[in-house]
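**Student:** Dropping the structure in here first, questions after.
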Amino acid sequence: MPDEPVALAIVPGKGMAFATPGGSRAVQALDVGAAIGELTDEQPRFVWWSARDTAAPLIRGGCRVQACWDLAAVSRLLHGGSRDDVGAVWAATHELSPPAPPRGELDLLDLDDESDDVAVRSDGQLSRIWQTGGWSRDLDTAMRWAELALQVQQRQHAALRALPDPRATPGRTPLPVLTAYAESAAALLAVELGETGLPVDRDVLSGILEPVIGPPPVDEAHAAARRRARDDAVRRHFPNASDVDLRNPAQVLQMLARFGLNLPDTRSWRLEPHASTSEPIAALLAWRKAERLSTTYGWSWLERHVGADGRLRGSWTAAEGAGRMTASAGLHNMPAELRPAVRAEPGHVLVRADLGQVEPRVLAVVSGDAALAQAARDEDMYAPVAARLGCDRPTAKVAVLAAMYGQTSGTAGNALRQMDRTYVQAMSYLRNAEESGRAGTPLRTYGGRLLRMQPGWGRFARNAVVQGAAAELFKAWAATVRAGLPAGAQIVLCLHDELLVHARREDAEAVAGLLSDALAATARWWAAGSGVRFVADVSVAESWAAAH
DNA sequence: TCGGTCACGTA
DNA sequence: CGTACGTGACCGAG
0 MPDEPVALAI
10 VPGKGMAFAT
20 PGGSRAVQAL
30 DVGAAIGELT
40 DEQPRFVWWS
50 ARDTAAPLIR
60 GGCRVQACWD
70 LAAVSRLLHG
80 GSRDDVGAVW
90 AATHELSPPA
100 PPRGELDLLD
110 LDDESDDVAV
120 RSDGQLSRIW
130 QTGGWSRDLD
140 TAMRWAELAL
150 QVQQRQHAAL
160 RALPDPRATP
170 GRTPLPVLTA
180 YAESAAALLA
190 VELGETGLPV
200 DRDVLSGILE
210 PVIGPPPVDE
220 AHAAARRRAR
230 DDAVRRHFPN
240 ASDVDLRNPA
250 QVLQMLARFG
260 LNLPDTRSWR
270 LEPHASTSEP
280 IAALLAWRKA
290 ERLSTTYGWS
300 WLERHVGADG
310 RLRGSWTAAE
320 GAGRMTASAG
330 LHNMPAELRP
340 AVRAEPGHVL
350 VRADLGQVEP
360 RVLAVVSGDA
370 ALAQAARDED
380 MYAPVAARLG
390 CDRPTAKVAV
400 LAAMYGQTSG
410 TAGNALRQMD
420 RTYVQAMSYL
430 RNAEESGRAG
440 TPLRTYGGRL
450 LRMQPGWGRF
460 ARNAVVQGAA
470 AELFKAWAAT
480 VRAGLPAGAQ
490 IVLCLHDELL
500 VHARREDAEA
510 VAGLLSDALA
520 ATARWWAAGS
530 GVRFVADVSV
540 AESWAAAH
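Note that numbering that gives the first Met the number 0 has the first sequence beginning at 0, numbered continuously upward.
Here it is, written out as structure tokens:
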């Protein structure tokens, strides 16, 4: 693995600057992507302030980055919170209070203390002129910028090494450093995913949408008329309902009451039980479904987010909340009924892999619970858990999930008490997390992510230590997959425990093998010494739906 | 124009 | 059983 860090700063149209522990240099180049490719056969680990700023020109230049260190991503890992602008990253590594968030325009007051040539102010904070692009004046200032990045990287590296390595069998490289590698790769992947997009077949998508929401409206009046017609089809089922606004829950509640149905709210799971016996309720539920499709995933959504090249693009973040990746443009909550429209391009296939029972397996690793780890050697870990608890498999599953998510109602009560006796270490790990959350004390995930807490966040904390660690494993897996993909293959979707790869048809088997092998390789270091097995279901198909 | 609430899709 | 997230429509305050 290329571990030698080389900080990189790119000045578009002029060239780029490199800083290494051994010294700095600058290279004049018009096309930075091509120039990077020519620099060296063996790529270093590139250090940059953030992939979002630095990697985009490389990606567009066709350069395939192998390894990186993303100062913004690692700063959030180390220090928590959401600030990852350059000024905040600098302040966090130097134990300074966070500067005012960057605004669009520089305020004259900010510049009191600054000149173009001074990167670090007398108060130790990073120059706001430099933060907002002043560093790119010429290749000399860019070189200084790369040197500052390298300094921050070295401080981050030291801070990560000072964190505990929680593995049963610690390795040569501490787990928090490995997490930093994976989080950096995920930040790069997030930029790449935003550029690449998810392949969608417009005709298939239209074929799914049209029977439910009608053809694309020609103008606003047309759209309004169709909306009214859809609404009337529901309202005529109910007494005195011709003026009811179906989009207003309060009015729907009243409408249902006049109809003789008194409910605390109008959520569909509450209406569902009445659908089989009541035509009006069934109509209302069908309306809801069509309305959701029409407003959130309808023609305007397609227009806004699907490009002329048939790619659905959103913006991706590498770590939100407990540390999961997020995506906009509906990429993470696309209804299952639309998935047949996610299709490989001609000559290509989609290779899908999803992790099985990942959260309970992760709990076994992070808590160091030997008994739960023993269960996690099984392909289906709920079966051995059920055997130990003396209950059936569905009860065991509910008990394990209730433990991880903080149950409130007593349905799993009996099995939970049994869990307390059987999986002492796992249960106390979760209880300790919940205690921290309730007290508002920050926590760290297994991989080292700082989770800041507000007093009262008990259930959030209980879940975050598992969900966050699972996200770390997932990103390490995704990074390994990304690094091993053949030319022409791309990760096109990350969905918490699922990876979707678009690949040439002739590479399908190789990519499927890669997805499995990468998981085994990742688990070997991530879960070292635990004995926990991680399993992935891998399939190859033309469409996302068919790969299930 | 803004934040809060309801509702609902995914994991 | 519960947590997380993003989206869109509505409400009421400003």
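Here a beta-carbon is modelled for each residue, glycine too, at the ideal position from N, C-alpha and C. Source: prediction; values computed, not measured.
Pull up the distance between the alpha-carbon of M0 and that of V64, whole angstroms please.
**Tutor:** Because M0 sits at a pLDDT of 47, beneath the cut-off of 50, its placement in the model cannot be relied upon, and the following sentence gives the value as read from the coordinates. Distance between the alpha carbons of M0 and V64: 13 Å.
**Student:** Can we say the segment 416-436 touches the segment 323-342, given the rule of at least three CB pairs closer than 8 Å?
**Tutor:** Taking 8 Å as the limit for Cβ pairs, the verdict is that the segment 323-342 does not touch the segment 416-436.
**Student:** Can you tell me whether A16 is helix, strand or coil according to DSSP?
**Tutor:** Looking at A16 - three-state DSSP - the assignment turns out to be strand.
**Student:** Please say whether A184 and V478 have beta carbons closer to each other than 9 Å?
**Tutor:** In the sequence under discussion, the amino acid at residue 478 is Ala, which differs from the Val named in the question. Taking 9 Å as the Cβ cut-off, A478 and A184 qualify as a contacting pair.
**Student:** If you drop the 5 nearest sequence neighbours on each side, which residues of the same chain put their C-beta closer than 8 Å to that of Q27?
**Tutor:** K13, G14 and L138, listed in sequence order.
**Student:** Rounded to a whole number of angstroms, what is the C-alpha to C-alpha distance between Q453 and D377?
**Tutor:** Computed Cα separation, rounded: 37 Å.
**Student:** Among all the DSSP beta bridges, which residues are the ones paired with L498?
**Tutor:** Answer by DSSP bridge pairing, in chain order: A352 and C493.
**Student:** To the nearest angstrom, how far is the alpha carbon of A281 from that of V233?
**Tutor:** If you take the alpha carbons of A281 and V233, they lie about 9 Å apart.
**Student:** Using DSSP with H/G/I as helix, E/B as strand and the rest coil, what is H347?
**Tutor:** Reduced to three states, the DSSP call for H347 is strand.
**Student:** For the ligand SAM, is there a heavy atom less than 8 Å away from the beta-carbon of G196?
**Tutor:** Of the ligands one can find in the structure shown there are none, so the ligand SAM has no counterpart to examine.
**Student:** So what's P163 in DSSP terms, helix, strand or just coil?
**Tutor:** Coil.
**Student:** If contacts are defined as beta-carbon pairs under 8 Å, then V199 and G309 qualify, I think. What distance do you get, rounded to the angstrom?
**Tutor:** Indeed they touch by this definition, with Cβ atoms about 6 Å apart.
**Student:** Using 8 Å as the cut-off, can you tell me whether the segment 447-463 makes contact with the segment 484-492, which would need three or more C-beta pairs spanning the two stretches below that distance?
**Tutor:** In short, these stretches do not touch, since the Cβ pair count stays below three.
**Student:** State the Cα-Cα distance for the pair A186 and G446, rounded to the nearest angstrom.
**Tutor:** Approximately 16 Å between the Cα atoms of the pair.
**Student:** What's the C-alpha gap between R451 and E113?
**Tutor:** Those two C-alpha atoms are separated by around 33 Å.
**Student:** Could you tell me the alpha carbon to alpha carbon distance between A161 and A527, rounded to whole angstroms?
**Tutor:** Looking at the two C-alpha atoms, the distance is approximately 20 Å.
**Student:** Taking contact to mean at least 3 C-beta pairs separated by less than 8 Å, is the segment 354-367 in contact with the segment 308-324?
**Tutor:** Short answer: they don't touch.
**Student:** Is it buried or exposed for R171, if we count other Cβ within 10 angstroms and need 16 for buried?
**Tutor:** Exposed: under 16 other Cβ atoms inside 10 Å.
**Student:** Should the segment 339-349 be regarded as contacting the segment 488-508, the criterion being three or more beta carbon pairs within less than 8 Å?
**Tutor:** Result yes; three or more Cβ-Cβ pairs closer than 8 Å.
**Student:** If you follow the alpha helix (DSSP H) that Q417 is part of, which residue opens it and which one closes it?
**Tutor:** Per DSSP, Q417 belongs to the alpha helix (DSSP H) from G412 to T421.
**Student:** Compare the Cα-Cα distances from R481 to each of S327, N462, Y180 and P238 and report the closest residue.
**Tutor:** Residue Y180 is the option with its Cα nearest to R481.
**Student:** Measuring alpha carbon to alpha carbon, tell me which residue in L301, Y404 and T421 is nearest V341.
**Tutor:** When each option's Cα is compared against that of V341, the closest is L301.
**Student:** Distance check for A401 and V423, CA to CA, integer angstroms please.
**Tutor:** V423 and A401: Cα-Cα distance of roughly 15 Å.
**Student:** Under the three-state reduction of DSSP, which class applies to A114: helix, strand or coil?
**Tutor:** The displayed chain sequence assigns Ser, not Ala, to residue 114. Coil.
**Student:** Could you name the residues that DSSP lists as bridge partners for P4?
**Tutor:** Answer is R44.
**Student:** Just reading off the beta strand (DSSP E) that E319 is part of, what are its end residues?
**Tutor:** W315 to E319 is the span of the beta strand (DSSP E), which, as asked, contains E319.
**Student:** Decide if W550 is buried, meaning its Cβ has at least 16 other Cβ atoms within 10 Å, or exposed.
**Tutor:** The question about residue 550 has no answer here: the residues shown for the chain are numbered 0 through 547.
**Student:** With a 10 Å radius around its C-beta and 16 neighbouring C-beta atoms as the bar for buried, classify V385 as buried or exposed.
**Tutor:** Position check: residue 385 holds Ala in this sequence, whereas Val was assumed. Looking at its Cβ environment, which holds 16 or more other Cβ atoms inside 10 Å, A385 is buried.
**Student:** Look at the Cβ atom of M426, then the Cβ atom of N462, and state whether they are nearer than 9 Å.
**Tutor:** No, they are not a contact pair.
**Student:** Would Q356 pass as a contact of G530 if the rule is Cβ separation under 9 Å?
**Tutor:** Against a cut-off of 9 Å, the Cβ pair of G530 and Q356 comes out as no contact.
**Student:** Can you give the Cα-Cα distance for G193 and G313, rounded to whole angstroms?
**Tutor:** Distance between the alpha carbons of G193 and G313 is about 6 Å.
**Student:** Classify T295 as helix, strand or coil using the three-state DSSP reduction.
**Tutor:** Note: T295 maps to helix in three-state DSSP.
**Student:** May I ask you to report which of helix, strand or coil DSSP gives S23?
**Tutor:** In the structure shown, S23 sits in a strand (DSSP, three-state: E or B).
**Student:** When the Cα atoms are used, what is the spatial distance from A50 to E219?
**Tutor:** Near 41 Å, if we compare the C-alpha coordinates of E219 and A50.
**Student:** Nearest-angstrom Cα distance between P97 and A71?
**Tutor:** P97 and A71: Cα-Cα distance of roughly 14 Å.
**Student:** Keeping to the same chain, check which residues put their C-beta closer than 7 Å to that of Q152; ignore five residues upstream and five downstream.
**Tutor:** Excluding sequence neighbours, Q152 sits near P4, A6, V46, W68 and L70.
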